[in-house]
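Okay, so the sequence shown: first residue is 9 according to our numbering, each after it adds one.
Every residue gets a Cβ at the ideal spot worked out from N, C-alpha and C, and that includes glycine.
Everything numeric in this text was worked out from a predicted model, so none of it was measured.
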Amino acid sequence: MKAGRANDEPARRRIRTSLDESLIVEAAAGAGKTTELLHRIVNTLRAGKTTVDRIVAVTFTRKAAGELRLRLRIELDAARTSARDLVEIRNLEDAVARLEEAHIGTIHSFCAGLLRQRPVEARIAPGFEELDEAAAERLYTRAFDAWIQEALGRMPDGLRRALSRAAAGNSREDAGPLEQIRTAGWALVQWRDFPERWRRGDFNQREEIDRLLPDVDALSRMAESCRIVSDPLRKHLRCVVDFAARRHRAEQFRPRDYDALESQLIQLSRDLRRRQSKGRGKFSTEFSREAVVAAEESLSAALVAFQRRSEADLAALLHDEMQSLVERYEAMKAGLGRLDFVDLLIRARDLIRDNAEVRRFMQEQFTHIFVDEFQDTDPVQAELLVLLSADDPLETDWRGVRPRPGKLFLVGDPKQSIYRFRRADILMYQDLCRLLQEKGVAKEHLTRSFRAVGPIQEAVNAAFAPEMNGDPETGQPAYVPLEAPDHSAKSKAGADGQPAIVVLPAPFPYGAYNISNDKIDKCLPQTVAAFVDWLIRESGWKVRNFQSDELIPVRSEHVAILFRRFMNWRADMTREYVHALEARNIPHLLWGARSFHRREEVETVRAALNAVEWPDDELSVYSALRGALFALSDSLLLRYREWAGSFHPFRPRPENLEKDFEPVAEALGILARLHRTRNRRPIVETVHELLEAGRAHAAFALRPSGNQALANVYRVCDLARSYELSDGFSFRGFVDRLNALSEREDAVESPVLEERAEGVRIMTLHAAKGLEFPVVILADMTANLTTRAPDKYVDADRRLCAQRLMGCSPWDLLDHEEIEHKRDAAEGVRVAYVAATRARDLLVVTAVGDGPREGSWLSPLNRAIYPLRKEFRSSEPAPKCPKFGEATVLARPVSYDGMSEVSVKPGAHRPQAGQHTVVWWDPAALQLDVDVSFGLRGEEILKAEKEGEDSRAAEGTAQYERWKSRRQQAVERGRIPSLRVFAATDIVEPPPGYAARVQVERVARAGRPKGARFGSLVHLVLRDSDFMASRESIDRIARSHARLLNAPEEEIQAACSAVAAALRHPLLERAGRSSRVYRELPVVIRDELAGLLEAVIDLAFLENSCWIVVDFKTDAEDPQRLKKYRRQVGWYVRAVEVSTGAPASGWLLHM
């Protein structure tokens, strides 16, 4: 598509002027869709088409709604100033004066307004209260606690099986059993308006298990028939043997427990699916290896089928049994006169759909409906809004609605539909658009994007045009390219001539052998933080001001680090990034992190609140005293405990208190006072007094990233307020609530932060939706594009929502698993699109220099950042960048030594797709290792001291510098090893003459096996064989060791022949006649120059007061290796002489 202003100017003009037709507008990222929506609202009011109180403007979040109202006021003022027609002026003045009467807000606030107008017709309490998500979940928790107590008394089949599975640890969840059931119930509550039962099938637990057990026992007997312990197939089948043994033991004492067996069989299925070598050669005297492998594969397939049927049956059973939990939650809400977000939508939709009089009234009341971010609207919201726009008040089916001309204006971007988990349905959106177009509603596209510089737009187009192909099955929309607003130089290059797209490679992505996600996750935080440090302090790069195109230096608040997820297997993905930023004193703001309750400042306040509520809990009191609020040292607290006998705040203290103990006594007095008054005043006052008493505001503010710390502390106060405004009635309840949230992975709290506050933004891309930043860094590259299995299937016509519960997928979901997985993958592509289009001036993408990582959430960008493989090593100098080296991977395993460099060469590259330029960064140019900065911003405080002023700060500075010097000296001394340990095989020459004295003898050897295993077998047999051993004895010993080494018959026979020949050698015959003989003799000696030698001598014997040292070698002779072996045996000789004081000679016996 040709770029240029003319492409979408007619569409923009139609939006602003064609006020008597309803429109659907699909706008690209950064195309100014909200601005166009505002222009249409203003022009509608200017023309007198309606009054402001009859307008509905719906947007996605409260924040967006507030901004929309503010921007509307500004646009109305501007329009009133420029208007010349008196009628238009009067209309605009009326709109400004009555702007607060406009229905501008989220869909939930709009529904609440409808219900408050007609509560009787909606069959709800007239004075109902709205429950936000947190309050609704607290009420649900109360309902769940009551329900689970009753259910545990009845113990229905599904709950019993679910508890058994969760207790066995095979429910694929990290939380405890009850927490997993609580989470499953909450998922059902969110979709309670889809009550259709799930299909169960004909699963019979007992019959299925009884049919599987004989096959398990048969495979167990096969596995036990193998006598070679190290056989890989035998090891792989150890889980089968253990399962059978445990079952037989258990059934000797109690009847067969089918629930436990179900869980164990599912775990066995997972164990058997783990990749394992099947080995080779004979398995046992009874069974061939092929027969055992076939039996294992047959059982594994049967177990997979069993697991699938079992989980599908359990999911449907839980769905049925937990309907009583949903009903209890509904009853509790009704009894309290409260509605949650789902209630608001459903009750408002039902009111409009089912009550003709109300529907007619509301359709007349609201003359114009404007909807922003319509691609994220769920089916219930769409049904409600479309019914309100109908030209026929008798129409009750939203699919048959013909909107009144000019009444409906929908704005969205299907390429940014990423809220499927919140009930948004891209297929519903496309079907609705099609139906409305058939009813005469026109569709327009806005393609000019005013957000990003030209190279970023080019990269986004190159990456996503092939991915977004208009697939009707998955709902993936057809791609509409971003267009630059003009042909200026700014649209063709990055800001100020600097790079617009940077690829930041993981410097150490390899594990022991291959590229490892763990290693990538470990090295990326330091890499990203180091790049941010360089960017804001050294680069000199500039970005465009938010309010204008003026170029200003990059600051921390211009940078956003976006994550696909915040938690991964209970690990906080942001924690190491935060630490790396703090180590460099880079301020940061963490938005909506799940680790909120694990932040140090939040844990400090929570520990102190626990001490206030439970003063007799000495551990809590000690934690509060030791924490950042009071910051008392361990030594002082332990001395006080020894003197006073207790930390109880109410324990009387003697008058003759030591001066050192006064801070402890003062802190305990504060805790005692707060405990007495905690239930007589608002909780937040207790929290504030606790913070004031410990001077916490200043202490937290002076830390690195103090803004974030203070925001987190104030968020605790906000939680206290919201707790009391909802169901909270005691201080203890609030403390229990904080403790419960700290234990849960899904507890998300976001401090309220100023948009322009200093600090790098750290957030998920879903939190960044609707926002833009000058610099965007896409982190968390190991996150997958989509989950391994889809989590729900929705059939709106049947009112069916089949979900995975506790890791179990019902049949309704399994039947549509393939297409749902494709739809999840399609949304994963849109997620990457949203992330990439948040950037204005600089887009930074993390990657691996050795090649693209397929399946990553960033993989859709690969073609737009990676050059062709043949051009990996060809790069151009990158403008305004430091001097780069030769590699983007800084370390690989030893097995890669000697190979030519294959990573993308740092510098400017032309990628596989697109005409833009990408700069691949050199991680070696960054300062990756930075010492962590602890404590307060001491240096900043001390700099404020006047020179020459006698102060405690100056004295403290001098003490600190002396301590720092002593510490550095100790670190340097510690780096020097006091004793070097080496092995005889190291390249260290023994003292002069020792290597030359080593003599070489040989045993006749024909063609025989090679390799380390054969050498180990020969050494072991020589160690354990008597010098006069017969061939039969040697053979018996060899076979014993061969079982452990998994050595084949060929090696056994060759080893026996080699050992028999060695025992006939004159050197070993002399050893047989000696009175003192040692085999596998460990020795340790200290050499003044080389260090400490540790060695094991194969054979040493005493002969005529002289020690003979023999080392066996089974590999082929080689001149270079011979020099090494002479040094090795030379050290052995030296060790024996030093240890015994007697002379020694050395021999190499090649076998």
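Next on the checklist: What does DSSP give as the partner residue(s) for C816 in the beta ladder?
Outcome noted: Paired residue(s): L813.
Checklist entry - What is the DSSP secondary structure of I949, reduced to helix, strand or coil? => result Low confidence applies to I949: its pLDDT is 49, below 50, so where it sits in the model is not reliable, and the reading given next is rough at best. I949 carries a helical assignment under DSSP once its states are collapsed to helix, strand and coil.
Item to check | According to DSSP, residues forming a beta bridge with D1032 | outcome: In DSSP, D1032 forms no bridge with anything.
Checklist entry - Cβ of L276 within 8 Å of Cβ of F251? => result Against a cut-off of 8 Å, the Cβ pair of F251 and L276 comes out as a contact.
Next on the checklist: According to DSSP, is Y1002 part of a helix, a strand, or is it coil?
Outcome noted: Residue state, collapsed to three classes: coil.
Item to check | Every unbroken beta strand (DSSP E) within the segment 446-532, with a cutoff of 3 residues, ordered by chain | outcome: Scanning the segment 446-532 for uninterrupted beta strand (DSSP E) segments of 3 residues or longer gives 450-454 and 509-513, listed from N- to C-terminal end.
Next on the checklist: Whether or not the segment 1075-1092 and the segment 1101-1116 are in contact is what I'm after, with contact meaning three or more pairs of Cβ atoms, one per stretch, closer than 8 Å; do they touch?
Outcome noted: Counting Cβ pairs under 8 Å, three or more are found: they touch.
Checklist entry - Looking at L359 and L123, is the spacing between their C-beta atoms short of 8 Å? => result Taking 8 Å as the Cβ cut-off, L123 and L359 qualify as a contacting pair.
Checklist entry - Using the C-alpha atoms, what's the distance from F1022 back to Q284? => result Each residue's alpha carbon lies about 23 Å from the other.
Next on the checklist: Can you look up Q1164 in the DSSP assignment and give me helix, strand or coil?
Outcome noted: Not covered by the structure: residue 1164. The range shown for the chain is 9 to 1159.
Item to check | Residue burial classification, E825 (beta-carbon count within 10 angstroms, cutoff 16) | outcome: E825 comes out exposed.
Next on the checklist: Tell me which residue opens and which closes the beta strand (DSSP E) that R1094 is part of.
Outcome noted: DSSP places R1094 in the uninterrupted beta strand (DSSP E) bounded by V1085 to D1095.
Item to check | Contact under 8 Å by Cβ, A174 with M230 | outcome: Cβ distance not < 8 Å, so A174 and M230 don't count as in contact.
Checklist entry - In this structure, what does DSSP give as the bridge partners for G38? => result Answer by DSSP bridge pairing: none, since G38 is not bridged.
Next on the checklist: Do V1118 and Y1002 count as a contact pair if the criterion is CB distance below 8 Å?
Outcome noted: One thing to note: Y1002 has its Cβ no nearer than 8 Å to the Cβ of V1118.
Checklist entry - CA-CA distance, A707 and V610? => result Rounded to the nearest whole angstrom, the C-alpha separation of A707 and V610 is 13 Å.
Checklist entry - If W599 and L934 are in contact, beta carbons under 8 Å, what's the gap, nearest whole angstrom? => result For W599 against L934, the beta-carbon gap comes to about 25 Å, at or over 8 Å, which does not count as contact.
Checklist entry - At what residues does the alpha helix (DSSP H) containing K1132 begin and finish? => result Judged by DSSP secondary structure, K1132 falls within the alpha helix (DSSP H) whose first and last residues are P1127 to T1148.
Next on the checklist: My assumption, with CB atoms under 8 Å, is that S864 sits in contact with N792. Please give the rounded CB distance.
Outcome noted: Approximately 7 Å separates the beta-carbon atoms of S864 and N792; this is inside 8 Å, confirming the contact.
Item to check | Nearest-angstrom beta carbon gap, G857 and P595 [assumed within contact, 8 Å] | outcome: Between G857 and P595 the Cβ distance is about 30 Å, and since that is not below 8 Å, they are no contact.
Checklist entry - Would a C-beta distance cut-off of 8 Å place V461 and A508 closer than the cut-off? => result A508 is positioned such that its CB atom lies closer than 8 Å to that of V461.
Next on the checklist: Just verifying my parser: in three-state terms, what is the DSSP assignment at C1064?
Outcome noted: Secondary structure at C1064: helix, using DSSP grouped into helix, strand and coil.
Checklist entry - DSSP on V536, reduced to helix/strand/coil? => result In the structure shown, the three-state DSSP call for V536 is helix.
Checklist entry - Should N469 go down as buried or exposed, given a rule of 16 or more other Cβ atoms within 10 Å for buried? => result Burial state of N469 is buried, judged by a 10 Å Cβ sphere holding 16 or more other Cβ atoms.
Item to check | Range covered by the beta strand (DSSP E) that runs through K550 | outcome: Start and end: K550 to R552.
Next on the checklist: Given this structure, state the Cα-to-Cα distance separating V419 from C441, to the nearest angstrom.
Outcome noted: Going from the Cα of V419 to the Cα of C441 covers about 11 Å.
Item to check | Span separating the alpha-carbon of N5 from that of E34 | outcome: Because the chain is modelled from 9 through 1159, residue 5 falls outside the range shown and cannot be assessed.
Checklist entry - Considering only the beta carbon of each residue, do A680 and P660 sit closer than 8 Å? => result Judged by beta-carbon spacing, P660 lies beyond the 8 Å limit of A680, meaning their Cβ atoms are not closer than that value.
Next on the checklist: Output needed for A159: all residues of its chain with C-beta closer than 7 Å, excluding positions within five of it in sequence on either side, in chain order.
Outcome noted: Same-chain partners within the cutoff: L167.
Checklist entry - By a C-beta neighbour count over all protein chains shown, 10 Å radius and 16 as the cutoff for buried, is C1114 buried or exposed? => result By the 10 Å Cβ count, C1114 comes out exposed.
Next on the checklist: Quick check on M1036: buried or exposed, where buried means 16 or more other Cβ atoms within 10 Å of its Cβ?
Outcome noted: With fewer than 16 other Cβ atoms within 10 Å, it is exposed.
Item to check | A1012 and A1070 closer than 8 Å at C-beta | outcome: Remark: C-beta atoms of A1012 and A1070 do not approach each other more closely than 8 Å.
Item to check | Helix, strand or coil at N687 [DSSP, three-state] | outcome: Three-state DSSP puts N687 in coil, outside helix and strand.
Next on the checklist: Taking the beta carbon of R21 as the centre, do at least 16 other beta carbons fall within 10 Å, making it buried, or is it exposed?
Outcome noted: Of the other Cβ atoms in all chains shown, fewer than 16 fall within 10 Å of the Cβ of R21; this residue is therefore exposed.
Next on the checklist: Is there a C-beta anywhere in chain C that falls below 8 Å from the one on Q260?
Outcome noted: The chain labelled as chain C is not found in the depicted structure, where only one protein chain is given.
Next on the checklist: Judging by CA-CA distance, which residue of P463, D580, H587 and R459 is the nearest neighbour of D557?
Outcome noted: Among P463, D580, H587 and R459, the Cα nearest to that of D557 belongs to R459.
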